[in-house]
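Chemist:
There are 4 protein chains.
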Amino acid sequence: MKTIAFIGLGKIGQTITYASLIDGIFDQAILYDIIPELPEKFEHELRHAFATKGVNTDLISSNRLDDVTGADIVVITAGKPRKAGMSRRDLFADNAKIMYDLAKKLPPKNPGAIYLMVTNPVDMMASIFSKFSKEYVISAGDQVETMRMRSYLAKKYKIPVTEVNGFVGGEHGEDAVVLWSTVSIKGNPVEESVHQEVENYVKQIPGEIIRVMGGTTWGPGTIIADIVRSIALNENRVMSIAIPREFEGEVIHVSIPVVVGRTIGPSIEQLLDEKDRWYLMAAMKDFHSTYRELIKTSMIDQLS
Amino acid sequence: MKTIAFIGLGKIGQTITYASLIDGIFDQAILYDIIPELPEKFEHELRHAFATKGVNTDLISSNRLDDVTGADIVVITAGKPRKAGMSRRDLFADNAKIMYDLAKKLPPKNPGAIYLMVTNPVDMMASIFSKFSKEYVISAGDQVETMRMRSYLAKKYKIPVTEVNGFVGGEHGEDAVVLWSTVSIKGNPVEESVHQEVENYVKQIPGEIIRVMGGTTWGPGTIIADIVRSIALNENRVMSIAIPREFEGEVIHVSIPVVVGRTIGPSIEQLLDEKDRWYLMAAMKDFHSTYRELIKTSMIDQLS
Amino acid sequence: MKTIAFIGLGKIGQTITYASLIDGIFDQAILYDIIPELPEKFEHELRHAFATKGVNTDLISSNRLDDVTGADIVVITAGKPRKAGMSRRDLFADNAKIMYDLAKKLPPKNPGAIYLMVTNPVDMMASIFSKFSKEYVISAGDQVETMRMRSYLAKKYKIPVTEVNGFVGGEHGEDAVVLWSTVSIKGNPVEESVHQEVENYVKQIPGEIIRVMGGTTWGPGTIIADIVRSIALNENRVMSIAIPREFEGEVIHVSIPVVVGRTIGPSIEQLLDEKDRWYLMAAMKDFHSTYRELIKTSMIDQLS
Amino acid sequence: MKTIAFIGLGKIGQTITYASLIDGIFDQAILYDIIPELPEKFEHELRHAFATKGVNTDLISSNRLDDVTGADIVVITAGKPRKAGMSRRDLFADNAKIMYDLAKKLPPKNPGAIYLMVTNPVDMMASIFSKFSKEYVISAGDQVETMRMRSYLAKKYKIPVTEVNGFVGGEHGEDAVVLWSTVSIKGNPVEESVHQEVENYVKQIPGEIIRVMGGTTWGPGTIIADIVRSIALNENRVMSIAIPREFEGEVIHVSIPVVVGRTIGPSIEQLLDEKDRWYLMAAMKDFHSTYRELIKTSMIDQLS
């Protein structure tokens with residue numbers, strides 16, 4: 000993995016870019032945004048940061064999608080951001096059109112690339128991009144929720160976060176489910192009486208952060224950059240992201256713990272307990288029906 | 000160095016905090032800002048980031064300055080930010096009052112701490128804080144300009160930035176001077192015909208970035224976090240920061256390449272050529288007279 | 000994970016210790032070896048290295064096993080080393096007695112520790128230690144072979160090693176099998192005509208290195224330190240190590256790709272293709288019968 | 000800095016190589032030793048280590064000095080090692096001949112390279128290499144002693160080593176002097192009553208380690224790799240190494256704290272106190288007279 004492209008350089012896009020590049024693991028990075036001068040000025044900022052860190056990654060910045068060529072990984076954050084009070088699904092229609100456009104333009108110049116979707120609603124945008132591009136697309140999915148869950152338990156029990164393991168899966172956002180069969184503290188399961196507050200935290204904390212800070216950046220930015228890193232360095236970390244899967248003839252994206260390296264998969268869904276698998280299946284059905292409906296009502300189908 | 004405190008959690012404060020903490024080199028960090036809920040919500044963001052990185056640094060967040068205790072390093076970004084078109088000196092009066100307040104409240108609870116000033120006008124705020132606290136204060140000074148200078152030369156000559164060495168000194172901002180006797184590309188001096196455009200870049204690029212992006216964050220944030228790192232890990236890197244020095248009976252801050260480790264200094268001013276030393280002396284005189292005047296006109300003297 | 004202990008400070012033990020500690024991820028490390036003065040002198044060497052790196056991990060060195068207390072992870076390399084021409088199994092009898100001793104003495108003072116076995120024959124020593132201690136023991140297993148396999152393919156095809164994925168499993172050493180259903184180059188399977196030479200390399204390269212260099216250290220040391228890191232930082236990397244499993248009433252150790260974090264497992268055996276699973280089953284049977292026989296002939300059974 | 004060459008792959012050479020390369024900061028590394036198969040087998044070991052770390056540095060190994068081409072930095076450890084009881088100067092004659100040979104063969108194929116001497120007696124070998132090659136040569140000098148001094152004080156006072164600053168200078172080995180005017184603990188000077196035991200430690204610990212472990216590797220290997228890193232990443236750390244200086248018409252090497260980046264220097268000798276400067280001057284005189292004498296008695300002069 001030598002070249003990475005970032006499509007979208009808003010707050011979250013900038014944070015992912017920074018966190019992905021600052022350790023110098025790529026030979027080249029391409030910075031794209033539609034806003035005039037933004038990629039170029041952001042390039043300057045990164046160059047200044049690289050100077051103190053001794054990072055020699057080549058940087059290319061552009062407002063032209065045509066300049067995004069030869070990427071091994073493409074990280075997509077382009078689209079409207081989720082604002083306070085807005086549901087992730089509200090964004091569907093507008094951002095789906097942007098994905099359609101990207102799905103047509105990016106693949107011809109970036110053969111063999113892995114696409115990492117971050118634009119919300121993230122799983123559906125991954126499916127939409129997949130639908131129109133036929134490329135391999137993953138969604139950042141619930142890896143952010145996964146880390147929020149671990150972080151909450153660590154703080155609650157005043158232990159290092161490295162003592163907490165486990166995953167959140169299903170849909171990203173309000174319908175994410177903690178996969179309790181995977182969760183442990185110092186190797187022991189978490190008592191059921193605590194489940195509800197953990198689930199509440201995972202659902203409510205992004206809204207809380209957005210209300211005060213205007214958006215979530217440092218958490219998701221770092222976590223998603225670690226997905227990038229695990230692919231680029233072939234670390235094979237297990238992360239709760241959404242990989243493409245067939246469901247009633249449609250490619251859909253629902254988060255499941257999955258091995259993330261130069262190749263992505265297998266998922267370890269089969270190794271979860273029955274209850275957690277049931278939740279994942281329910282999430283898939285729910286995703287699928289909502290997805291079908293949203294495609295219809297927003298007339299995205301007619302784009303192709 | 001075990002505990003670090005961050006006073007001010009605006010854009011630049013957040014970026015410095017993130018870049019200082021993400022490698023897990025501190026045992027504890029204290030996050031302070033005057034804005035309600037901001038420290039606490041930023042703490043959540045950092046915890047999420049720490050979860051993926053396996054960082055176990057303890058975090059404390061507060062709106063009360065009283066909770067800032069036992070810090071070994073205190074990074075100050077609190078104050079009004081520099082807006083597009085505004086001179087760094089325009090900020091003097093307002094931010095000096097904030098420094099007066101911090102200088103009275105922080106030292107009693109943080110004995111032996113090193114203070115790193117980032118609030119603009121950065122050198123003067125360092126001097127003001129020093130004046131009222133009698134503590135050891137350094138200013139981030141021209142280390143940011145230093146990296147911008149190297150970055151420009153690297154891009155111009157299409158070489159890795161690690162091939163460019165040298166420093167910018169004097170006052171931070173519009174009056175910073177490239178210390179040409181220290182500058183080299185692959186070990187060779189830079190031809191004089193290029194000097195002007197380099198100096199222009201260093202002066203103009205922050206304004207350009209602010210115009211498009213609303214502020215400079217990634218560059219300064221990373222560079223200033225490397226000052227923190229060099230102190231905390233005792234790396235003894237030579238950096239162009241401003242350390243306190245007596246000048247006509249007053250402690251003032253002007254940037255000079257200086258050894259930055261657990262102890263700070265000596266500066267290598269004596270080892271510069273005559274021309275560069277002349278510029279630094281001129282910068283000190285200029286700083287001193289402006290500083291005296293600003294103190295008078297803003298009636299800061301009457302605070303003590 | 001705050002404290003790590005290293006039992007055995009020979010060449011490989013030193014290399015694992017160094018590579019595990021040099022990034023400063025532990026609070027404390029305990030260095031044990033039976034050779035007088037060796038732990039203490041090695042401690043000095045590490046302290047000198049820590050000084051330049053800014054690492055503040057506490058070090059304790061001792062010739063007394065009693066001083067090994069409170070460890071979260073215990074890495075065991077103690078025992079006779081494998082010499083040129085010697086089979087790993089030749090070592091069984093002598094090293095099993097050492098394991099019996101350690102299994103009796105270490106657990107009482109290190110409650111809840113994870114034991115990582117490196118002493119050869121590594122899988123059998125893990126089983127022996129497990130048998131006598133009833134503690135949770137993993138064997139470094141085939142993670143070293145896994146990296147050798149990837150490294151060979153990368154060199155052969157002149158591509159970055161990060162482009163090669165896949166695992167070696169089964170028994171450590173001569174009987175290790177490449178799990179071809181997991182192996183890929185830039186995402187594509189490896190043609191069968193190449194399989195034999197890869198398998199030969201994995202089997203023969205350690206002997207080649209030992210013949211010229213006297214032992215293998217840098218490869219295994221770094222790879223095993225990454226197992227330690229994945230546990231300590233809860234990275235959840237998938238690695239081919241041997242975790243305890245019941246087989247005909249006996250706990251045995253055979254390498255399978257498994258998730259390695261603060262909790263270890265699940266293995267992804269069920270997700271392999273039929274052929275690879277058949278090989279793993281055969282390895283287990285083979286391991287079991289050899290193990291039973293060696294225990295009998297070396298009269299290890301009579302120790303308990 | 001893209002390519003590094005290692006001349007000599009004994010114990011210390013291997014450790015420096017490993018520690019210099021494992022973070023992936025070079026594009027290419029050339030491994031040379033005179034022992035048949037050693038470079039090639041060591042290359043395999045490094046490749047296995049790189050696989051787990053995701054390092055993609057190109058490796059070239061050879062027994063032919065002719066294959067060492069295009070290096071930006073050349074690290075020389077070739078020569079006879081210092082054995083227990085042997086003075087560093089005993090090695091002079093034999094290793095000087097090796098340096099003569101390298102000085103004739105390496106420069107033509109490695110234009111512009113910086114040579115970092117590690118072979119003992121290290122300062123004299125640097126001067127010899129400089130004499131015959133006219134290239135820019137630095138000696139690892141007293142940076143190892145510097146770290147040993149800091150490490151001793153940290154252990155004695157039970158404080159983190161990052162709280163201790165200061166340097167050892169002069170000749171490498173028995174005649175090294177602690178530059179007390181630079182030494183501090185938490186920013187305060189060290190009481191004189193402690194000086195003697197610190198000096199004793201610095202002088203005696205390498206012999207102690209060699210007696211028990213057969214050689215010093217982890218300490219010097221890591222410390223010297225950090226010299227390499229500071230050059231390659233242009234970190235500008237101040238380190239106590241020996242840079243070439245004219246003394247009575249001869250280029251000699253005596254350790255002084257010096258800025259180590261893409262350019263090396265200035266030294267901060269002028270900033271030391273009078274006592275420390277006197278010691279350094281004495282060391283230079285001593286070095287010079289011994290050096291002249293050794294050159295004569297070993298008839299090295301007649302080589303050119």
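Chains as they are written, first to last, in numbering that gives the first Met the number 0: chain A, 0 to 303; chain B, 0 to 303; chain C, 0 to 303; chain D, 0 to 303.
Note that CB positions come from ideal geometry on N, CA and C, so glycine has one too.
As the structure is a computational prediction, the values presented were derived from the model and not from experiment.
Just to make sure I have the definition right: I need the residues of chain B whose C-beta is within less than 8 Å of the C-beta of Val160 (chain A). Which are they?
Modeler: Those are Arg46, Phe49, Ala50, Gly53, Val54 and Asn55, listed as they occur along chain B.
Chemist: With DSSP as the reference, label Phe5 (chain A) as helix, strand or coil.
Modeler: Of the three classes helix, strand and coil, the one that applies to Phe5 (chain A) here is strand, per DSSP.
Chemist: Using C-beta distances below 6 Å, list every residue in its chain close to Val193 (chain D), excluding the 5 sequence neighbours before and after it, in chain order.
Modeler: Nothing meets the Cβ criterion.
Chemist: Please classify Gln13 (chain A) as buried or exposed, where buried requires at least 16 neighbouring CB atoms within 10 angstroms.
Modeler: Buried is the call here.
Chemist: Around the C-beta of Arg63 (chain D), are 16 or more other C-beta atoms found within 10 angstroms, so that it is buried, or is it exposed?
Modeler: So Arg63 (chain D) ends up on the exposed side.
Chemist: Quick check on His171 (chain B): does DSSP put it in helix, strand or coil?
Modeler: Reduced to three states, the DSSP call for His171 (chain B) is coil.
Chemist: Taking the alpha carbon of Asn109 (chain A) as the point to measure from, which residue in A:Thr221, A:Ile97 and A:Ile72 has its own alpha carbon closest?
Modeler: The residue with the shortest Cα to Cα distance from Asn109 (chain A) is A:Ile72.
Chemist: Taking a contact to mean a Cβ-Cβ separation below 8 Å, would you say Asp122 (chain B) touches Phe246 (chain B) in this structure?
Modeler: No, the pair does not count as a contact, with Cβ atoms beyond the cut-off.
Chemist: The beta strand (DSSP E) that contains Met283 (chain C), what's its start and end?
Modeler: Unbroken run through Met283 (chain C) is the alpha helix (DSSP H), Glu273 to Thr296; no beta strand (DSSP E).
Chemist: So Asp71 (chain A) is in the beta strand (DSSP E); what residue range does that whole segment cover?
Modeler: No beta strand (DSSP E) holds Asp71 (chain A); DSSP gives it neither H nor E.
Chemist: Give the DSSP-derived three-state secondary structure of Ala231 (chain C) in the structure shown.
Modeler: Helix at Ala231 (chain C).
Chemist: Which whole-angstrom value describes the C-beta separation of Met304 (chain B) and Ala50 (chain A), a residue pair presumed to lie in contact below a C-beta threshold of 8 Å?
Modeler: The displayed coordinates of chain B run from 0 to 303. Any statement about residue 304 (chain B) would go beyond what the structure contains.
Chemist: Under a three-way DSSP split, which group does Val143 (chain B) fall into?
Modeler: Residue state, collapsed to three classes: helix.
Chemist: Which whole-angstrom value is the C-beta distance of Thr215 (chain A) and Glu44 (chain B), which I expect to be below 8 Å?
Modeler: Sure, about 7 Å apart at Cβ, within 8 Å.
Chemist: Taking only runs that begin and end inside the stretch 146 to 209 of chain B, name each unbroken beta strand (DSSP E) of 3 or more residues, in chain order.
Modeler: Complete beta strand (DSSP E) runs here, min 3: 163 to 169 and 175 to 184.
Chemist: Can you give the Cα-Cα distance for Leu101 (chain C) and Tyr31 (chain C), rounded to whole angstroms?
Modeler: Their Cα atoms are separated by approximately 12 Å.
Chemist: Looking at the C-beta of Ala231 (chain C), does it have a partner C-beta in chain A at a distance below 8 Å?
Modeler: Yes, its Cβ sits closer than 8 Å to a Cβ of chain A.
Chemist: Confirm, please, whether the CB-CB distance from Ser254 (chain B) to Asp141 (chain B) is below 8 Å.
Modeler: Their beta carbons are under 8 Å apart, which means Asp141 (chain B) touches Ser254 (chain B) by this criterion.
Chemist: For Glu234 (chain B), which residues in chain C fall below 8 Å Cβ to Cβ?
Modeler: Simply Gly53.
Chemist: Does the beta carbon of Leu115 (chain B) sit closer than 8 Å to a beta carbon anywhere in chain D?
Modeler: Not one chain D Cβ lies under 8 Å of Leu115 (chain B).
Chemist: Identify the contact partners of Gln269 (chain A) in chain C, using a Cβ-Cβ distance below 8 Å as the criterion.
Modeler: Result: Gln269 and Leu270.
Chemist: Please look up how many angstroms separate the CB atoms of Val176 (chain D) and Tyr278 (chain D), rounded, as I've assumed it's under 8 Å.
Modeler: Correct: roughly 5 Å between the Cβ atoms.
Chemist: Taking Cβ to Cβ, would you say Arg261 (chain C) is nearer than 8 Å to Asn233 (chain C)?
Modeler: In contact: Arg261 (chain C) and Asn233 (chain C) (Cβ atoms closer than 8 Å).
Chemist: Smallest Cα separation from Ile208 (chain C): which of D:Pro35, D:Ile6 and D:Ala18?
Modeler: The shortest Cα separation from Ile208 (chain C) among D:Pro35, D:Ile6 and D:Ala18 belongs to D:Pro35.
Chemist: Looking only at its chain, what residues have a beta carbon closer than 6 Å to the beta carbon of His252 (chain A), apart from the 5 residues adjacent to it on each side?
Modeler: Cβ within range, chain order: Asp122, Ala125, Ser126, Ser138 and Ala241.
Chemist: Step through the CB atoms of chain B and report whether any lies within less than 8 Å of the CB of His43 (chain A).
Modeler: Yes, because at least one Cβ of chain B sits closer than 8 Å to the Cβ of His43 (chain A).
Chemist: In the DSSP output, what is Arg244 (chain D) paired with across the bridge?
Modeler: Answer by DSSP bridge pairing, in chain order: D:Ile251.
Chemist: Can you check which of these residues, C:Phe25, C:Ile230, C:Thr16 and C:Glu249, is closest to Ile294 (chain C) by C-alpha distance?
Modeler: The candidate whose alpha carbon is nearest that of Ile294 (chain C) is C:Glu249.
Chemist: Taking Cβ-Cβ distances shorter than 8 Å, what residues in chain B pair up with Gly186 (chain D)?
Modeler: Going along chain B in sequence order, the residues near Gly186 (chain D) (Cβ under 8 Å) are Gly111, Arg261 and Thr262.
Chemist: Hey, how far is the Cα of Ile263 (chain C) from the Cα of Ser132 (chain C)?
Modeler: So the alpha carbons of these two residues sit roughly 19 Å apart.
Chemist: Would you please state the rounded distance, in angstroms, between the beta carbons of Leu152 (chain C) and Val189 (chain C)? I believe it to be under 8 Å.
Modeler: Sure, about 7 Å apart at Cβ, within 8 Å.
Chemist: Is Ala231 (chain D) closer than 8 Å to Ile15 (chain D) when the C-beta atoms are compared?
Modeler: No. Outside cutoff.
Chemist: So, does the CB of Val237 (chain C) fall closer than 8 Å to a CB anywhere in chain A?
Modeler: Judged by the 8 Å Cβ criterion, Val237 (chain C) is in contact with chain A.
Chemist: Just to check my reading of the structure: Glu144 (chain B) and Val167 (chain B) have Cβ atoms closer than 8 Å, yes? What is that Cβ distance to the nearest angstrom?
Modeler: Correct: roughly 4 Å between the Cβ atoms.
Chemist: Name the chain C residues whose beta carbon is nearer than 7 Å to that of Met146 (chain D)?
Modeler: Under the 7 Å cutoff, chain C gives His47, Ala50 and Thr51.
Chemist: On the DSSP letters alone, give me the boundaries of the alpha helix (DSSP H) that Tyr99 (chain D) sits inside.
Modeler: Per DSSP, Tyr99 (chain D) belongs to the alpha helix (DSSP H) from Phe91 to Lys108.
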